[in-house]
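Engineer: Mind having a look at this structure? Questions to follow.
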Amino acid sequence: MTALTDDTLPITPRAMRDEMIVFVIMALALAAVPWTGIYPFFVMQALCFALLACAFNLLIGYGGLLSFGHAMFLGTAGYCSAHALKVWGLPPELGILVGTAAAAALGVVTGFISIRRQGIYFSMITLALSQLLYFIYLQTPFTHGEDGIQGIPQGHLFGFIDLSKPTTLYYVVLVGFLAGFLLIYRTINSPFGEVLKSIRENEQRAISLGYKTDHYKLLAYILSGTLAGFAGSLKVFVAQNASLTDVHWSMSGEIVLMTLVGGLGTVFGPVVGAFVIIAMQQYLAGFGQWVTVIQGVIFVSCVLLFRRGLVGELAHLLRRSL
Amino acid sequence: MQALYAQLLVGLINGSFYALLSLGLAVIFGMLNIINFAHGALYMMGAFCAYFLLNLTGLGYWPALIIAPIIVGIFGMILERTMLQWLTGLDHLYGLLLTFGIALIVQGVFQNYFGSSGLPYAIPDELKGGMNLGFMFLPVYRGWVVVFSLVVCFATWFLIERTRLGAYLRAATENPTLVRAFGINVPRMITLTYGLGVGLAALAGVLSAPINQVRPLMGADLIIVVFAVVVIGGMGSIMGSIITGFALGVIEGLTKYFYPEASNTVVFVLMVLVLLVKPTGLTGRAA
């Protein structure tokens, strides 16, 4: 069986340097967005999804685990943050903390269950678990069912940063995204990340070398879920609502699609993928269900024609690690 | 007690769909090493085929029961020949992603033309009405669905476990290269297997058309439940799929009677419990 990502270049100083250069360019470009006249709401939304896709990518690209239920972290963190902000009246920093902690707890529970099976079964289990959560959220009163939690106050971060100003909110979301991105980048280049990659390549051999692979996979799963939850909490401030669409299986599918389009197991792929897919949804919003069809076509063509994704193909072309 | 029996019957009917769908998934997984995410969409296509046959050509339920699975089966075989076969040798996950994309395309196209509401499909005249069994009133059509599904399930079991063709199939699942060396056209068998699995899904779709109405998304949520069924039962044995399918349908029906709030979630909760107790599934071999 061939691995999911065929270009497993060793971590060289050159690769690190390339990646850091691209990171700085990306950060500067994103920081300049408010002066370009680009609709900041669109970029903020894309940044939340980019972080979400990066968190998802940590699991599939570096651990070889395809989670088909990552929307459950997005939705759970969203609901919990929204509830904490609106009903409990907590300040934004605590609201984010509540949502992220809820996602982390969910990661512990669902990880403990789903890590018991590998490969294809893992995907089906995560999908089923997220569907279980969907039905729970549909019925529990605090989520307000089909209406969702609406009109969430944005408040003042740390008491003095006014999040109701679009530009201020933009920079807060950007800082959150960059912090999450760097944490993931640090993780995949750490000894922990190396073990994770060895599990992806050959789990039996990793076991025979004495690694407790289940522990590593569970930790990666929890970390991925927590960061996905962090993205979900940030998204609450952007969208100012939390609804069932964020927990639905189609959302999980979109997260997979973003990462696939950008490139599984690439550092920057999920970010590019998230921007591409969010932009596509924005521009094709008037076409109704054809968006679903187009997403399906992208899925099919990605799998059949360019499995490396946009960034993966570019990296392959340039013989660089991106 | 009437209500309990009624829910048990609903459970048995849902169980028949679970059994037919998870059976198809298991057969396909055995040969192609692909979890067919498009199974729900193809089930929906089966129901729509029956609807079109009735409204465009005037062919009723009985011809549809044979023609719809054949049409959808051929569609499936075209999918296999044009797309799925290119995934041989790649990670299983690509099969899941590809078939998920196919499901999105099929469901999206149908949603564009038919919206999300249901289209009615009448119960055939021969199966209208009901019987009084003394302890409950049995609508004939519902009884027919359960009996007919059982027959189809066991026919499939017989085909795979007891005939020469089935022996080839099982052998090719174990070791395709060796079977090819004996002069058997394995790629063609793979295509036919996919067609068979998809045909079973379409058949379930036709059976459900008069009960559940014909909707573009009728298979979308169902397939996730069927995945849970497959995780519980394991895909190692045909009989295991059939029994697990029916058993879970019945349990779901009982839940609807005793604790309706949990009827949507009971299968998933059971999946969690099974994973905690016996991670390989009830009949499954270690994956």
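Sequences listed follow chains B and Y, in order. Under our numbering, the first residue of the first sequence is numbered 1, with each subsequent residue one higher. Under our numbering, the first residue of the second sequence is numbered 323, with each subsequent residue one higher. Beta carbons: idealized from backbone N, C-alpha and C, even for Gly.
Hey, is L576 of chain Y's beta-carbon within less than 8 Å of any beta-carbon in chain B?
Structural biologist: It does not; no Cβ of chain B falls within 8 Å.
Engineer: Note down, in chain order, each residue of its chain lying with its Cβ closer than 8 Å to the Cβ of K165 of chain B, except the 5 sequence neighbours on either side.
Structural biologist: Once the five neighbours on either side are set aside, K165 of chain B has no close Cβ partner at all.
Engineer: Is the Cβ of T36 of chain B closer than 8 Å to any Cβ of chain Y?
Structural biologist: Cβ-Cβ to chain Y under 8 Å: no for T36 of chain B.
Engineer: Exposed or buried, what is W35 of chain B when buried is set at 16 or more other beta-carbons lying within 10 Å of its beta-carbon?
Structural biologist: Exposed, since its Cβ has fewer than 16 Cβ neighbours within 10 Å.
Engineer: Just list the alpha helix (DSSP H) runs in the segment 214 to 262 of chain B, keeping only unbroken ones of 4 residues or longer that don't cross its boundaries, in chain order.
Structural biologist: With a minimum length of 4 residues, the continuous alpha helix (DSSP H) runs that stay inside the segment 214 to 262 of chain B are 249 to 262.
Engineer: Can you name, in chain order, every residue of its own chain whose Cβ lies under 6 Å from the Cβ of L127 of chain B, other than the five neighbours on each side?
Structural biologist: The answer, listed in chain order, is F68, G69.
Engineer: Identify each residue in the segment 111 to 129 of chain B for which the Cβ-Cβ distance to at least one residue of chain Y is less than 9 Å, and report them in chain order.
Structural biologist: Answer in chain order: F112, I113, S114, R116, R117, Q118, G119, I120, Y121, S123, M124, I125, L127, A128, L129.
Engineer: Closer than 8 Å by C-beta to N241 of chain B: which residues in its own chain qualify, once you throw out the five before and the five after it? Chain order, please.
Structural biologist: Excluding sequence neighbours, N241 of chain B sits near A82, G148, I149, Q150, G151, I152.
Engineer: With the cut-off set at 8 Å, would you say Y383 of chain Y and P461 of chain Y are in Cβ contact?
Structural biologist: No; because the gap between Cβ atoms is not below 8 Å, this pair is not in contact.
Engineer: Who pairs with Q150 of chain B in a beta bridge, going by DSSP?
Structural biologist: In the DSSP output, where bridge partners are listed per residue, Q150 of chain B has B:N241.
Engineer: What residues in its chain sit with their C-beta under 6 Å from that of A231 of chain B, if we drop five residues either side in the sequence?
Structural biologist: The residues are C48, L51, L52.
Engineer: Q240 of chain B: beta carbon under 7 Å from a heavy atom of the ligand ZN?
Structural biologist: Ligands in the displayed structure: none, and consequently the ligand ZN is not present.
Engineer: Just verifying my parser: in three-state terms, what is the DSSP assignment at F459 of chain Y?
Structural biologist: If DSSP states are grouped into helix, strand and coil, F459 of chain Y belongs with the strands.
Engineer: In or out: R484 of chain Y buried (at least 16 other Cβ within 10 Å) or exposed?
Structural biologist: Per the 10 Å Cβ criterion, exposed.
Engineer: For N434 of chain Y, which residues in chain B fall below 7 Å Cβ to Cβ?
Structural biologist: The contacting residues are G288, Q289, W290.
Engineer: Which residues of chain Y have a Cβ atom closer than 7 Å to the Cβ of W249 of chain B, listed in chain order?
Structural biologist: By Cβ distance, chain Y contributes I546.
Engineer: Do three or more CB pairs link the segment 562 to 569 of chain Y to the segment 371 to 388 of chain Y at distances below 8 Å?
Structural biologist: No contact exists between the segment 562 to 569 of chain Y and the segment 371 to 388 of chain Y.
Engineer: What residue does the alpha helix (DSSP H) around G417 of chain Y start on, and which one ends it?
Structural biologist: Where G417 of chain Y is concerned, the enclosing alpha helix (DSSP H) stretches over 414 to 436.
Engineer: In angstroms with no decimal places, state the Cα-to-Cα distance between P385 of chain Y and D246 of chain B.
Structural biologist: So the alpha carbons of these two residues sit roughly 42 Å apart.
Engineer: Under a Cβ-count criterion, where at least 16 other Cβ atoms within 10 Å of its own Cβ denotes burial, should M16 of chain B be classed as buried or exposed?
Structural biologist: With fewer than 16 Cβ atoms within 10 Å of its Cβ, M16 of chain B is classed as exposed.
Engineer: Along the chain, where does the alpha helix (DSSP H) containing G452 of chain Y start, and where does it finish?
Structural biologist: That residue, G452 of chain Y, is in no alpha helix (DSSP H); its beta strand (DSSP E) goes 452 to 454.
Engineer: How about G603 of chain Y and G541 of chain Y: do their beta carbons lie closer than 8 Å?
Structural biologist: The answer is no: Cβ separation not under 8 Å.
Engineer: Report the rounded CA-to-CA distance for V467 of chain Y versus I560 of chain Y, giving the unit in angstroms.
Structural biologist: Going by the C-alpha atoms only, they are around 20 Å apart.
Engineer: Is G229 of chain B closer than 8 Å to A84 of chain B when the C-beta atoms are compared?
Structural biologist: Not in contact: A84 of chain B and G229 of chain B (Cβ atoms no closer than 8 Å).
Engineer: Taking the continuous alpha helix (DSSP H) assigned at N377 of chain Y, which residues delimit it?
Structural biologist: Neither: N377 of chain Y is in no alpha helix (DSSP H) and is coded neither H nor E.
Engineer: Please tell me whether Q295 of chain B has its Cβ less than 8 Å away from any Cβ of chain Y.
Structural biologist: Judged by the 8 Å Cβ criterion, Q295 of chain B is in contact with chain Y.
Engineer: Any Cβ of chain Y within less than 8 Å of the Cβ of G148 of chain B?
Structural biologist: By this cut-off, G148 of chain B is not an interface position.
Engineer: Using the C-alpha atoms, what's the distance from A27 of chain B back to L178 of chain B?
Structural biologist: For L178 of chain B and A27 of chain B, the distance between alpha carbons rounds to 7 Å.
Engineer: Please list, in chain order, the chain B residues whose beta carbon lies closer than 7 Å to that of A550 of chain Y.
Structural biologist: Going along chain B in sequence order, the residues near A550 of chain Y (Cβ under 7 Å) are A128.
Engineer: Is L332 of chain B buried or exposed, if buried means 16 or more other CB atoms sit within 10 Å of its CB?
Structural biologist: The structure shown does not extend to residue 332 of chain B, since chain B is modelled only from 1 through 322, so no value can be given for it.
Engineer: Given this structure, state the Cα-to-Cα distance separating V464 of chain Y from L347 of chain Y, to the nearest angstrom.
Structural biologist: Correcting the residue type first, residue 464 of chain Y is Arg in the shown sequence and not Val. If you take the alpha carbons of R464 of chain Y and L347 of chain Y, they lie about 24 Å apart.
Engineer: Please confirm if Y416 of chain Y has its CB atom under 8 Å from at least one CB of chain B.
Structural biologist: Chain B contact via Cβ: present.
Engineer: If you measure beta-carbon to beta-carbon, which residues of the segment 255 to 266 of chain B are closer than 8 Å to chain Y?
Structural biologist: Flagged, chain order: V256, L260.
Engineer: Of the residues B:G89, B:T100, B:Y79, B:L129, which one's Cα is nearest the Cα of W249 of chain B?
Structural biologist: When only C-alpha atoms are compared, the closest one is B:L129.
Engineer: V521 of chain Y to P391 of chain Y, Cα distance in whole Å?
Structural biologist: For clarity, residue 521 of chain Y is Gly in the given sequence; the question names Val instead. So the two alpha carbons sit approximately 4 Å from each other.
Engineer: Would you list, in sequence order, the uninterrupted alpha helix (DSSP H) runs of no fewer than 4 residues that lie entirely inside the segment 68 to 98 of chain B?
Structural biologist: Within the segment 68 to 98 of chain B, the complete alpha helix (DSSP H) runs of at least 4 residues are 71 to 86.
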